[in-house]
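Step one of this worksheet: look at the structure below.
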Amino acid sequence: MMNNNVETREFQTEITQLLDIVINSLYTEREIFLRELISNAADATEKLRYCRLTENEISESEQPLEISIETDEEKHTLTITDNGIGMTKEELIENLGTIAHSGSKEFIRQLTEVRKAGSGNNTDLSLIGQFGVGFYSAFMVAEKVTLYTRSFRPDSESWIWSSNGAGSYLIEPGDQSNYGTRIVLQLKENAYDFSKADEINRIIKQYSSFVPYPVKVNGEKVNTVEAIWTKNASEISEQEYTEFYKYIDNAFDEPSYRMHFSSDAPLSIKALLFVPGENYERFGFSKMERGVNLFCKKVLIQEKSEAIVPEWMRFVRGVIDSDDLPLNISRETLQDNALVAKLNKVVTGRFLKYLEEQAKDDPAKYNQFWEKFSRFIKEGAASDYAHKDALVRLLRFESNMTAEGELISLEGYVGRMKEEQKAIYYVSGSNRKVIESGPYLEIFKDKGIEVLYTYEPIDDYILGGLPEFKEKKIVAAEQDSQDLPDLDAEQPGNAESEIPEDEVKALLDWFKETLGDRVTEVRASKRLVDSPAVVLSSYGTHSMQKMMQIMNKDMEDIPAGILEINSRHPVIQGINELRKSGDAFAAAAAEQILENSQIAAGLIIDPRSMVNRLYNILERAVVKK
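Numbering-wise, my numbering puts 230 at position 224 of the sequence shown, and it's gapless, one number per residue.
Shown next as structure tokens:
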């Protein structure tokens, strides 16, 4: 109806439904409305800039391309103004009163059906496509919205659009001389905080810091940090990179690595990722949150996004910007999970390739990175099957052929393997000293074969889950395996002191009978040089078995293993003589051999069970009969 040039119009039915959704159930945080309105203003400004470049009849204007925000705590109003493309009366009706896009009605239909089925919730909003209705989010905080606009087209008229979001809106002529759009929000009583400049500044810095045009609040520019990820790397100084890193992460340190790349295929991506200078998780601080923020056209979509990088990459800081992302109506949930997974895969793959290149170009620097951040790479290698091969190539180890602190990769190990070597070998222990004082390295030392050292159960889990690397099997030195090296048939020593073959078999049988189900098998060792005995694991490594003991809180539950004895060792030969003479002390000595071997394997033994036995052994050794 018409009244003094004021025209009252009803919202299209679907818009009324949409308003109800937006106001009552769409956004989880009301402050998102400001991001939406600023994004719309930036879009309008960008459209004007584009028209200036492509349409000759559009003349340059004195008006600066910027977005202005005014707060008024007394009147409880918030005003957002842009000098963008503006709107005609017809565009106002089409954009703000009806659903102009064919897919939107289908969304309303599907959402209504889901709600009738009784499962409606915020996750249902993944049905929504990107069709530019963020404007309606203003009604979450405003009891009335008034919009003043004038198209940039020559001889365009000025118009005023207003509504309380209750089903209708007004359109009337205005007197605005400049093109662009000004939106005035009359705030609801429970939203008065949005008329405070400090609150508006905070929201802009959180969500709209990188909008490509100045955003001023009460005349003062707020978005002072440039979206440098959109620029060429050659245009950015090291200082600018460092300042940007410190800004996005509230960091005080300097980044140790920086990866800046853009890609058009298979997705349009601009990314700037940083590895911090320090990892505070290793000092006992709480688990890091993921630190990569997801943008679309410089507008924040998800802060600390959990979808865009895997959990193990939580130490990485930075931004990823993609124009290809279809967003839901609120920009809070990504619509196309398959596309997000593809983006995740591309970014993760590029980051791993970057780390591998850095490791080759500057091994010393990569070793420093490994010292601080290795737990994340190991976590990924243990859980991220899509990128397992690339993660495994980043693993580093000490070995019996390296100095303490010197690291080697699996690829480096393979490159210097002996020609006749059967496999890649590794041995576990809590530290280098423990490993090198144990019996498992003896055969490898004797043959000059390199063995990798693993200090954590996750190392064994990763290597145990790798059937091979570069077509070479991966074998734990403490496991029973046909791929372990054997001693040469002719070993140096006094042949006269060797236990005869028939006695060796009897000794093995006696050991098994004496030790019972504490061992699965007793056999003569082909790997021991200096030690009397060793326990082999039938499955997993000893460090994994130890971890199971700790998790089950059962220190007496020691898995039965294979006991190998060195028939050339004086202790074993002495036990054999005691056995033959029927001395009961032989059984005590055999039990101590087993428990010593279990201790050397790193398994947890309750020492109280062996104290009396050790005293008896000492008494026999030192007391003269």
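Ideal placement from N, C-alpha and C gives every residue a C-beta, glycine not left out.
Which of helix, strand or coil does DSSP assign to residue i?
i, result
"residue 633", "Any answer about residue 633 is impossible in this case: the structure gives the chain only from 7 up to 631."
"residue 587", "helix"
"residue 265", "strand"
"residue 94", "coil"
"residue 49", "helix"
"residue 485", "strand"
"residue 252", "helix"
"residue 143", "helix"
"residue 402", "coil"
"residue 257", "coil"
"residue 138", "Bear in mind that a pLDDT of 45 at residue 138, under 50, signals an unreliable position, so the number given afterwards is only what the model happens to contain. Looking at residue 138 - three-state DSSP - the assignment turns out to be coil, as it is neither helix nor strand."
"residue 578", "helix"
"residue 412", "coil"
"residue 417", "helix"
"residue 442", "helix"
"residue 316", "coil"
"residue 311", "coil"
"residue 437", "coil"
"residue 291", "coil"
"residue 216", "coil"
"residue 345", "helix"
"residue 609", "coil"
"residue 35", "coil"
Name, in chain order, the residues that DSSP records as bridge partners for residue i.
i, result
"residue 151", "169, 191"
"residue 198", "Residue 198 pairs with nothing; no bridge assigned."
"residue 304", "None, per the DSSP bridge assignment."
"residue 352", "Paired residue(s): none; residue 352 is not in a bridge."
"residue 383", "According to DSSP, residue 383 bridges with nothing at all."
"residue 480", "430"
"residue 527", "568"
"residue 327", "276, 301"
"residue 222", "74, 227"
"residue 15", "175"
"residue 539", "571"
"residue 186", "156"
"residue 164", "156"
"residue 322", "In DSSP, residue 322 forms no bridge with anything."
"residue 475", "478"
"residue 281", "263"
Whose C-beta lies closer than 6 Å to the C-beta of residue i among residues of the same chain, with five residues either side of it excluded?
i, result
"residue 146", "29, 36, 39"
"residue 95", "165"
"residue 543", "484, 485, 567"
"residue 142", "25, 28"
"residue 168", "152, 176"
Which residue marks the beginning of the alpha helix (DSSP H) containing residue i, and which one marks its end?
i, result
"residue 203", "203-213"
"residue 508", "507-521"
"residue 238", "Here residue 238 belongs to no alpha helix (DSSP H), and DSSP marks it neither H nor E."
"residue 448", "448-453"
"residue 634", "Residue 634 lies beyond the range of the chain shown here (7 to 631); nothing can be said about it."
"residue 470", "463-470"
I'd like the span of the beta strand (DSSP E) that includes residue i, first residue to last.
i, result
"residue 567", "567-571"
"residue 78", "73-78"
"residue 88", "83-88"
"residue 457", "457-460"
Using a Cβ-Cβ cutoff of less than 7 Å, which residues in the same chain neighbour residue i once the five nearest sequence positions on both sides are dropped?
i, result
"residue 464", "384, 388"
"residue 174", "14, 15, 16, 17"
"residue 204", "none"
"residue 232", "none"
"residue 129", "Its pLDDT being 34, under 50, residue 129 is placed unreliably in this model, and the value from its coordinates should be taken loosely. Once the five neighbours on either side are set aside, residue 129 has no close Cβ partner at all."
Enumerate in chain order the residues of its own chain whose CB-to-CB distance from residue i is below 8 Å, with the five nearest sequence positions on each side excluded.
i, result
"residue 584", "591, 592, 595"
"residue 451", "406, 535"
"residue 473", "479, 480"
"residue 526", "544, 566, 567, 568"
"residue 69", "89, 184, 185, 186"
Practice task
Pair every Cβ in the region 258-267 with every Cβ in the region 276-294, then say whether three or more of these pairs are closer than 8 Å.
Solution key: Touching, yes.
Exercise for the section: Indicate whether the contact test is met: 3 or more Cβ pairs, each with one atom in the region 431-441 and one in the region 361-379, closer than 8 Å. Expected result: no
Exercise for the section: Determine contact between the region 195-212 and the region 311-324, defined as no fewer than three beta-carbon pairs at a distance below 8 Å. Expected result: no
Handout entry: Cβ pair count under 8 Å reaching 3, the region 67-83 against the region 230-250
Key = no
Handout entry: Contact the region 416-424 vs the region 467-486: 3+ CB pairs below 8 Å
Key = yes
Exercise for the section: Assess, as a yes-or-no matter, whether the region 151-161 is touched by the region 184-193 under the definition of 3 or more beta carbon pairs within less than 8 Å. Expected result: yes
Exercise for the section: Count the CB pairs spanning the region 515-535 and the region 441-449 that are closer than 8 Å, and state whether there are at least three. Expected result: yes
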